[in-house]
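S.K.:
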Amino acid sequence: MQRKVTIIYYCDDGLELHHKVKTFDKNEDGRVIIPQDFKDGKSIIAVCDGEVEILNKVGDRILSVNYVA
25 MQRKVTIIYY
35 CDDGLELHHK
45 VKTFDKNEDG
55 RVIIPQDFKD
65 GKSIIAVCDG
75 EVEILNKVGD
85 RILSVNYVA
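Going left to right, the sequence shown walks through residues 25 to 93 as this note's numbering numbers them.
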């Protein structure tokens, strides 16, 4: 069985918060199995059920101020 999740993460080479919606297999306990190739190079902060609409992230305002200046 599979489950659609939103994964919130940092890349190991940056401070910008990212998110991605993916569908992964579940184990017999119902937990999502995130493949190692997806985990590589990332620090996963949260795994949310379903497709989550992220309205604001840490750093969004900092980035927008830097681009305006």
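Even for Gly, the Cβ is constructed at its ideal location relative to N, Cα and C.
#1: In angstroms with no decimal places, state the Cα-to-Cα distance between Glu52 and Lys44.
#2: Would you decide whether Ile31 is buried or exposed? Buried here means 16 or more other CB atoms lie within 10 Å of its CB.
#3: Check whether the Cβ atoms of Val29 and Asp64 sit closer than 8 angstroms, and answer yes or no.
#4: Which of the three DSSP states, helix, strand or coil, is assigned to Lys46?
#5: Would you give the residue range spanned by the beta strand (DSSP E) that Lys66 belongs to?
M.R.: The short version:
#1: 24 angstroms
#2: buried
#3: no
#4: strand
#5: Lys66 to Asp73
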